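Numbered according to this note's numbering, the sequence shown spans residues 4 to 685. The beta carbon of each residue, even a glycine, is placed where N, CA and C say it ideally should be. In this text, all values refer to a predicted model and were calculated from it rather than measured experimentally.
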Amino acid sequence: MSRSLRSEPGHPMSPQDSNMTNNAPAQEPAKRLHFALVGAPNAGKSTLFHALTRARTKIANFPGVTVDVVRGEVKLPDQTLDISDLPGAYSLDPISPDEEISARFIRGELTKSRRPDAVMVVIDATTLSRSFPLVFEVLALGLPTLLVLTMTDELQARGGGIQTGILSRKLGIPVVGVVGHRGIGVDELKGFLSKPEDWPRTSLDPGATPEERFSLGDTILSECLTEPRKKNTSTDRLDRILLHRILGPIIFFALMFVFFQAMFSWAEAPMSWLESLIGLIADGVNAVVPSGFLRSLLVDGVIAGVGGVIVFIPQIALVLLMIHFLEGVGYMARAAFAVDRLMGWMGLEGRCFVSLLSSYACAIPGIMATRSVPDPRSRLATILVAPFMTCSARLPVYTLLISGFVPDKQFFGIVNLRGTVFFSLYLLGAVSAVLAAAVLKRGMIRGKSLPFVMELPPYRLPRISVTLRQVWWGVRAFLKKAGSMILMASIILWVLLSYPKPENMDSVNEDNGTTLAEEASTPTEEPASGVDSESLSRSKVLEGSYAATIGRAIEPALAPLGFDWKIGVGLIGSLAAREVVVATLAQIYAVQEEEEEEEDAPNLAARMAREINPKTGKPVYDLATVLSLLVFFVYSLQCISTLAVMRRETNGYKWPTLAFFSMLAIAYVASLITYQVASRCL
Numbered sequence: 004m005s006r007s008l009r010s011e012p013g014h015p016m017s018p019q020d021s022n023m024t025n026n027a028p029a030q031e032p033a034k035r036l037h038f039a040l041v042g043a044p045n046a047g048k049s050t051l052f053h054a055l056t057r058a059r060t061k062i063a064n065f066p067g068v069t070v071d072v073v074r075g076e077v078k079l080p081d082q083t084l085d086i087s088d089l090p091g092a093y094s095l096d097p098i099s100p101d102e103e104i105s106a107r108f109i110r111g112e113l114t115k116s117r118r119p120d121a122v123m124v125v126i127d128a129t130t131l132s133r134s135f136p137l138v139f140e141v142l143a144l145g146l147p148t149l150l151v152l153t154m155t156d157e158l159q160a161r162g163g164g165i166q167t168g169i170l171s172r173k174l175g176i177p178v179v180g181v182v183g184h185r186g187i188g189v190d191e192l193k194g195f196l197s198k199p200e201d202w203p204r205t206s207l208d209p210g211a212t213p214e215e216r217f218s219l220g221d222t223i224l225s226e227c228l229t230e231p232r233k234k235n236t237s238t239d240r241l242d243r244i245l246l247h248r249i250l251g252p253i254i255f256f257a258l259m260f261v262f263f264q265a266m267f268s269w270a271e272a273p274m275s276w277l278e279s280l281i282g283l284i285a286d287g288v289n290a291v292v293p294s295g296f297l298r299s300l301l302v303d304g305v306i307a308g309v310g311g312v313i314v315f316i317p318q319i320a321l322v323l324l325m326i327h328f329l330e331g332v333g334y335m336a337r338a339a340f341a342v343d344r345l346m347g348w349m350g351l352e353g354r355c356f357v358s359l360l361s362s363y364a365c366a367i368p369g370i371m372a373t374r375s376v377p378d379p380r381s382r383l384a385t386i387l388v389a390p391f392m393t394c395s396a397r398l399p400v401y402t403l404l405i406s407g408f409v410p411d412k413q414f415f416g417i418v419n420l421r422g423t424v425f426f427s428l429y430l431l432g433a434v435s436a437v438l439a440a441a442v443l444k445r446g447m448i449r450g451k452s453l454p455f456v457m458e459l460p461p462y463r464l465p466r467i468s469v470t471l472r473q474v475w476w477g478v479r480a481f482l483k484k485a486g487s488m489i490l491m492a493s494i495i496l497w498v499l500l501s502y503p504k505p506e507n508m509d510s511v512n513e514d515n516g517t518t519l520a521e522e523a524s525t526p527t528e529e530p531a532s533g534v535d536s537e538s539l540s541r542s543k544v545l546e547g548s549y550a551a552t553i554g555r556a557i558e559p560a561l562a563p564l565g566f567d568w569k570i571g572v573g574l575i576g577s578l579a580a581r582e583v584v585v586a587t588l589a590q591i592y593a594v595q596e597e598e599e600e601e602e603d604a605p606n607l608a609a610r611m612a613r614e615i616n617p618k619t620g621k622p623v624y625d626l627a628t629v630l631s632l633l634v635f636f637v638y639s640l641q642c643i644s645t646l647a648v649m650r651r652e653t654n655g656y657k658w659p660t661l662a663f664f665s666m667l668a669i670a671y672v673a674s675l676i677t678y679q680v681a682s683r684c685l
């Protein structure tokens, strides 16, 4: 191999090396060695990437998660290397966007990335014969190549073995066995990475057809592989049940039902702790910051808005924990197979289901995960219906309404009504996504699906540290959103809720030398009604605010759904992000909250429950209105970020526009039917 791979400062270079450097882009005069990590889904590639780089990246146990090229650095004693984790690929002859990205990256065809200096091919030691065609395709490119065998411990546990030395001689390239999540073999692998110029180069002719490559692979393996003696493993026994055409789907839905039953009780205590902490912070700001503009902004705007959303982090963390644990165990891939028959009825396949499952955390990675779907029509249908899946952004809305207005009843001693309603909302979103996909595949994007082929990983207990890191990654992303988008929305909403002040408000207090902003610090005599002048003043400001004007303008259209202008303002705010509706309502009811004893101060749900419709004299948030609002959020596409990703993945505005307005129409009609039926029957 040419010494041109060496580019450390101070290393003597040949004329050939100098020419290569002169042809390099100006912004990278001294490039570090760049390695590409390629392999089939579930081969352990992302786990190895994490072991090498210690980067905080998402590691999952089914295809379609690593949808972008993830970059990292490998620190060696004498140098630093660049490494790129490519999307999972079964072949460099791509049939899906995932595989196309990997193939083009290795060939140096991506405009924003240079061709790698060397390639590490990662294959599962328990599925060697099926993985060799990819190895041969990479070797045919002429790049320095190293073969990494993962899950060698699984092979040994089944009574098998692989002689890496013989395999290395047969292939003509280095071969290293690793167990990534335990760090076994990682140091040896780093030793090879430090001197890629010493790697041997293969002289194999793997053949031009897949049949020739499979045949050559079997011939090589016959001389170095000891086949596992244990055929009836625990994985096989479990799969007989979990992949059963009838029992498989039943078990999957039963697991989901049990989890949502338990989630309310598990999250109740930490949610109350967070609520108390946010209350203490608000009290501290009230005590330290003088009355006026700044205190109102901090307490009524920032703390009430952002804090009203952050309180739901425990439930978001629990949902993420469930998803990542099942991924790590290897169950999610089985779930895709368990429902493949149902997906086939819709004209989709199991890879689409994997993408839809990813949307439970957030629709954005779910939409991006559709790059693993080879059929463009199925991929488009999955992108369009992914927002129906209940993402974590809906959790604050669901939790607020269910915990505040659905009775906490138990049936048969174990079935909780709140948990059942919560599960029903998730199920309603999933069923709606399935039906919408069926309509699309039989209508405007009609076409046949390709066969569903996916490698099933063995069952294993995931490392607790990795699972918790994945949960923290999701929570951190939510907090980042709360610290940026939700904070910005909360401040804008505070301005809309606080201005303009009534013209006579200052004159009302002129004699006392106070303004509305200072009014809170000035003792006043309480009216006979028991409501103090500060509360009256704040209510007047709220009623005449810009937000109230906007809300009342759209209230006639929302009234048939059971919504008043305050809910309407929340729906407008939620266009930035669904959870902003909670921040909006928290601000509205913080502004109009009456003066109360501190220990009796109600939470947001309690303040909403007190709201009375002045026209009817009945509670605004009766059960019919709550159900109507829940159904609206099941169907509405209120997330600018999701629309932006849809535009990028579909290369235009046509499909995102269709998705937004069609889901808004479905949400309105479904909410209308729910309210009209519930208000008459409940």
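Among residues of its own chain, excluding the 5 on either side of residue i, which ones have a beta-carbon nearer than 7 Å to its beta-carbon?
| i | result |
| --- | --- |
| G111 | R117 and R118 |
| Y656 | R650 |
| M325 | F262 |
What is the rounded straight-line gap between the Cα of residue i and the Cα of residue j?
| i | j | result |
| --- | --- | --- |
| I306 | I643 | 24 Å |
| P317 | R35 | 42 Å |
| D96 | A106 | 7 Å |
| P199 | M123 | 11 Å |
| F341 | S548 | A quick correction: the sequence has Ala, not Phe, at residue 341. Going by the C-alpha atoms only, they are around 53 Å apart. |
| S682 | A627 | 5 Å |
| Y624 | A647 | 33 Å |
| R216 | R397 | 49 Å |
| L607 | G311 | 8 Å |
| F636 | A272 | 26 Å |
| D201 | R172 | 15 Å |
| L170 | P461 | 24 Å |
| L685 | N654 | 46 Å |
| T552 | R344 | 51 Å |
| S501 | Q413 | 43 Å |
| L443 | I386 | 11 Å |
DSSP three-state label for residue i, please.
| i | result |
| --- | --- |
| N515 | Low per-residue confidence applies at N515: pLDDT is 39, beneath 50, and the placement is therefore not dependable, though the value from the model is reported in the following sentence. Three-state DSSP puts N515 in a helix. |
| E76 | strand |
| T385 | helix |
| I553 | helix |
| L675 | helix |
| F135 | helix |
| M392 | coil |
| A2 | The structure shown does not extend to residue 2, since the chain is modelled only from 4 to 685, so the question has no answer here. |
| L459 | coil |
| L152 | strand |
| P622 | strand |
| G3 | With the chain covering only 4 through 685, there is no way to say anything about residue 3. |
| T402 | helix |
| S21 | Caution applies to S21, whose pLDDT of 33 falls short of 50 and renders its modelled position unreliable; the model cannot decide the point. |
On the DSSP letters alone, give me the boundaries of the alpha helix (DSSP H) that residue i sits inside.
| i | result |
| --- | --- |
| I249 | Unbroken run through I249: none, as it is neither H nor E. |
| F426 | L420 to K444 |
| T167 | T167 to L174 |
| R298 | F296 to S299 |
| W348 | D343 to W348 |
| D190 | V189 to L196 |
| A647 | I643 to T653 |
| M325 | I316 to V332 |
| K504 | Unbroken run through K504: none, as it is neither H nor E. |
I need the boundaries of the beta strand (DSSP E) containing residue i, first residue and last residue.
| i | result |
| --- | --- |
| A121 | A121 to D127 |
| G180 | V178 to G180 |
| I86 | T83 to D88 |
Looking only at its own chain, which residues have a Cβ that is under 6 Å from the Cβ of residue i, when we skip the five neighbours before and after it?
| i | result |
| --- | --- |
| I495 | none |
| E157 | T129 and P461 |
| S577 | V583, V584 and Q641 |
Can you list, in chain order, the residues of its chain with a C-beta nearer than 8 Å to that of residue i? Leave out the 5 residues immediately preceding and following it.
| i | result |
| --- | --- |
| I313 | L277, I281, L482 and A485 |
| T205 | L142, T148, L174, G175 and I176 |
- Task: Evaluate the contact criterion for the segment 663-679 versus the segment 415-429: three or more CB pairs, one atom per stretch, below 8 Å.
- Result: Under the three-pair Cβ rule at 8 Å, the segment 663-679 does not count as touching the segment 415-429.
- Message: Does the segment 247-255 come into contact with the segment 274-286, if we say contact requires no fewer than three beta-carbon pairs (one atom in each stretch) closer than 8 Å?
- Response: Inter-segment contact for the segment 247-255 and the segment 274-286 is absent: fewer than three beta-carbon pairs are separated by less than 8 Å.
- Three-pair Cβ contact test at 8 Å for the segment 561-574 versus the segment 477-492: These segments do not touch.
- For the 8 Å Cβ check, are there 3 or more pairs between the segment 155-166 and the segment 84-95? The answer is no - the segment 84-95 does not touch the segment 155-166, with fewer than three Cβ pairs under 8 Å.
- Task: State whether the segment 179-188 contacts the segment 40-51, with contact taken as three or more CB pairs (one from each stretch) at a distance under 8 Å.
- Result: Result yes; three or more Cβ-Cβ pairs closer than 8 Å.
- Meets three-Cβ-pair contact criterion under 8 Å: the segment 148-158 and the segment 123-138: At 8 Å Cβ cutoff, the stretches touch.
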